[in-house]
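Counting from 23, one number per residue, gives the positions in the sequence shown under our numbering.
Below is one structure; the comments refer to it alone.
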Amino acid sequence: MTHNTGFASLKNSKTMTRKIKIHWSLKCALTCVYAYIIYAVSSQDTSSIPLPIHLDKLIHFAEYGILCTFVCWVVSSFPITSAKIFYLITIGITSLYGISDEFHQSFTPHRSVEIHDWLADTTGAAAASFFWRIFLQKHL
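And the structure:
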């Protein structure tokens, strides 16, 4: 009887592990979909869209804040207890994606590479990461 209970426990453990892997895969997939949306939008010629001064920086701040929120969601699946490590990973990943997006834009007609865009990306990522760690992590 004890052997069967152990087997049932092992079976439940495997089921839980499978569910965790599926859940983590879904988190990663949604994060990649959002990152692709950023990539697709940055591939567009936006020279015909008039924006008020500095509104593009606010857009960068917001879109990379959202991306970092997705990254935080994925990274929070791991047992990271150090806030510094959490910030380094989440802000670092998002900031590196911002750099790659600016590089990508250098090949897009009517788009340019701007350090201020990357700074807005990284600032949005930092704001989202701090917000996640302070407010959301406990509730999700």
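Glycine included, C-beta positions come from ideal geometry on N, C-alpha and C.
Through-space distance from residue j to residue i, alpha-carbon basis
i, j, result
"TYR178", "THR39", "Only positions 23 to 162 of the chain appear in the structure, and residue 178 is not among them; the question remains open."
"ILE75", "PHE125", "23 Å"
"PHE83", "ALA149", "9 Å"
"THR144", "LYS36", "39 Å"
Which of helix, strand or coil DSSP assigns to residue i
i, result
"SER134", "coil"
"HIS126", "helix"
"ASP67", "coil"
"ALA121", "Note on identity: in this sequence residue 121 is Ile, with Ala being the wrong assignment. ILE121 falls in the helix class under three-state DSSP."
"PHE100", "coil"
"LEU73", "coil"
"LYS41", "helix"
"LYS36", "helix"
"LYS160", "coil"
For residue i, the nearest candidate out of the options (CA to CA)
i, options, result
"SER65", "PRO131, TRP154 and ALA84", "PRO131"
"THR112", "PRO74, LYS41, TYR86 and TYR56", "TYR86"
"PHE100", "LYS36, LYS43 and THR37", "LYS43"
"ASP67", "ILE81, CYS50, PHE129 and TYR56", "PHE129"
"ALA142", "ILE121, PHE153 and LYS160", "ILE121"
Own chain residues within Cβ distance below 8 Å of residue i, not counting five before or after
i, result
"HIS138", "LYS79"
"ILE102", "PHE108 and ILE111"
Own chain residues within Cβ distance below 6 Å of residue i, not counting five before or after
i, result
"ARG133", "GLN127"
"LYS49", "TRP95 and VAL96"
7 Å CB neighbourhood of residue i in its chain, flanking five on each side removed
i, result
"ALA57", "LEU89 and TYR119"
"ILE115", "VAL93"
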